[in-house]
Every structure is written in C-alpha cells, then in structure tokens.
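Numbering (UniProt numbering), first residue to last: 1 to 430.
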C-alpha cells in the first residue's frame, strides 16, 4: 500500500490492522472515484479563487484530474490495494505527476467532506436512473392499458372475487410507477445539497467559496452547517433507499402476480421465452426465474436500510462506523436498478391467454354487481347483500363485458381515467 495520507513520522503501521481498517474500500470506491475526481476538480478551482493556488497550479491539477478520469473510464487505471481508498489514490496520482502542487489539493478539505460530496453526486445520478426506469415502466403499463381490455378475475384473499380486466391491472401498476418516479425525483431534490467545504465537520479557517463549488458541481443548494453535513450522512442515503424501496415494493407485487398467473393452475399469462429458464433435471420445466428474482430484490433494499439505521446509532460528528454504509448502499441500488432495468421489456412482451382468463369466471363473481343493482332499485343494501348471496346473477347474467361496462365509478373499467394518468405521466417526465 502506498503512503497513507494520515501516517505520522516514526509510527509503524501494522499491515493486519490497516487491512481491517481499509476493509473493502478499494473495491467499493470504484463506484465513487469518478465523482470524487469531479469534486476534486471543483475544489481545486475553488482554491484558486481564494488565492491558495496559482492559475498555473489550478490548470495543472485540473488537467491531471481530467486525465485520471479518462483513465478510470477506459480501465487504464483501476483502484486496487496499492491505495487505502479512492481519496488517497487521487492525491497519490496528483503528487506523482505534479509534485508539491499535487500535495496542495487537500488544503481546506477532509476525507469526511470528500466522501460526502462523492456520495451526493452518486446518489443524484442513481436517483435519476431510478426515476427514468419508473417512468419507462409506467409508460409500458399505460400503453398496454390503452390498447387492450380483456376481462379477467379480480382476487381478494387469493380467492376469486369480482370481474376485473387486464386494463385495470395495467392501469394500477402504471399509476404506481408514476408515483414512484415522482418519489425518486423528490428524493433527488432532497439530496441535492453540497457538503464540500465543511471539512471534518466543523469548517476551516479559510474563506472557501462554497457557493462557487455548489454551482460548479451542479447542486441546487448549499448544505450550510458542517455539523449537519455529517449528521446527514446515512440519513440522505436512507431517503434514497426508501425511494428505491417504494418502486421495488410495487415490483415485488407485480412479480408475485406474474408468478401466480404463469402457473398451470392459473395459466393467465405467458412470459417471453428469454425471461424463463429450465430445470437441470426436469425436462418439462419452464421456470419464471426472472420474476422470482425480481420479487426477491426488495429484500436486498430492506436489509440495506436496516444496516444503515443500525450504523446511525451514533452521536454527532464523524465516526468510522459509517464506512460500512457504502457497501449496503451500492448493493441495494445495484440489485434494485438491475431488476427495474429488465422490467419494461418484460411487460411489453408478456402475452395474456384470453381462453384461460374466461374459464376462470364463476357466477359468484357477479354477486357484488347484483347487490348494487338491487340497492339502486331502492332496497337497503344489507337486504340486497343477502339476496345476492343466494341469487348472484344480475339482470345481464354472467356477462363479464356487461359487468365491466357498468363499472362507471372513477377508476373502474368503464371510467379508467387513462387520459388523467397520461397527463400525470407527462408531468412527471417534466
């Protein structure tokens, strides 16, 4: 490992202890290093604005940071165990190329605000990706709601309950993912605060131009208090994970539906072949492994949130425990965004099986229509309820199309409100 940024003269570093302290940072920080480079460039320009770097020194630092960013992007530079973390790797590269000028980059800065600003930039990017995937999913659902309206059973308690339709099913998930996109955008707005310049959490005796670095990095606002900057570490990550979790909760329920609907017992849906797998021993199997793993993805996010909550059982100020927040955050977003990225194409490609949907209706599913029909004629609803229990068929008989045509309450099949959902989707897209 190269020289440690904090190493003191005459103090020997125990390799085993250092390995434990570094943990998985050199691997995890590969996620952050590009953002850390961007923030370092803004910091260098900020130092030049207050006279701590000459124009020539600033240009040299920015040039080398740009070169390092290009090497990271191309794979020519890979963060490895030569370094303690991405912060030390960046400074080491600058010192190697620029000597004492490279040693000036950390003036007025701590690794505490370095990791905060890199995390914020990373979160903004990932929440933007989450929003885009939710919008795409909502669009796929809404397009299918607009184009097809097959009668299908509606279930409560996993028992056949009432007549529903594929359009209602699609519209439900369309609205869910519109809301999820809005929530992702709100979380993005929440984390859009610049902590750079708060140093170790108590400010520094330099007139840092923090408004400049806020604008330079594209943040919406300055995070003013250095103490709150440290208090918000983990808190902002939990907010982002909650936005991701909201989308994955809906994905879990959608995946559960598809898991059930593809069984032989239901047979309502056929998945595209590329979204299924086979068995290593049973030649007859066609397994919906993809939707099952989609269903399980929420567990990763839930676990990450719990881990972050436990880590945050701390007093104010920086604590090394927070190093462990990175792994859970990366794992949650890696799994979650990976699952959501596969969802729109799956939804566009699945095929309903109308004959199986039609075969699943029974007379009892019309009893609610019958009770409402009797109540509309003036009978008290409780009396109508009792009559419909023994005589369930309405005047139209066992006709799912007639049942759906009569469902005129807003959001029902005869009044789906797809135009309203389309307007909300367009508004969420901005």
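For every residue, glycine included, the Cβ atom is placed at its ideal position computed from N, Cα and C. These numbers were taken from a predicted model, which means no experiment stands behind them.
The C-beta distance from residue 62 to residue 49 rounds to 13 Å, too long to fall under 8 Å, and the pair is not in contact.
For residue 124, same chain residues with a beta-carbon under 7 Å away, outside a window of 5 residues either side, are 188, 191 and 192 in chain order. Counting of Cβ neighbours within 10 angstroms places residue 72 among the buried residues, the total reaching 16 or more. In the three-state reduction of the DSSP assignment, residue 119 falls in the helix class, which pools H, G and I.
In this chain, the beta strand (DSSP E) harbouring residue 163 covers 159–165.
For residue 368, the uninterrupted alpha helix (DSSP H) run begins and ends at 367–376, by DSSP. According to the DSSP assignment, residue 294 belongs to the alpha helix (DSSP H) that extends over 289–311. The region 90–102 makes no contact with the region 195–207, as fewer than three CB pairs between them are under 8 Å. Between residue 416 and the set 404, 52 and 318, the nearest pair of CA atoms involves 404.
In this structure, residue 181 lies near residue 428, with their beta-carbon atoms less than 8 Å apart.
Contact check between the region 145–159 and the region 411–426: three or more CB pairs, one atom from each, fall below 8 Å, which counts as touching. The residue among 418, 399 and 234 with its C-alpha nearest the C-alpha of residue 167 is 418. Non-local C-beta neighbours of residue 354 in its own chain, meaning closer than 8 Å and more than five positions away in sequence, comprise 150, ordered along the chain.
Residue 251 places its beta carbon less than 8 Å from that of residue 343. Minimum Cα-Cα distance from residue 185 among the listed residues 127, 205, 204 and 170 corresponds to 127.
Annotated three-state conformation of residue 76 is coil, per DSSP. Ranked by Cα distance from residue 278, the options 271, 289 and 347 are led by 289.
Selection 68, 107, 327 and 54 evaluated against residue 207 yields 107 as nearest (Cα-Cα). In this structure, residue 328 sits near residue 304, with a CB-CB distance shorter than 8 Å. Counting along the chain, residue 154 sits inside the beta strand (DSSP E) bounded by residues 151–156. Taking the Cβ atoms as the reference, residue 301 lies roughly 5 Å from residue 245, within the contact range of under 8 Å. It is roughly 56 Å from the alpha-carbon of residue 112 to the alpha-carbon of residue 284.
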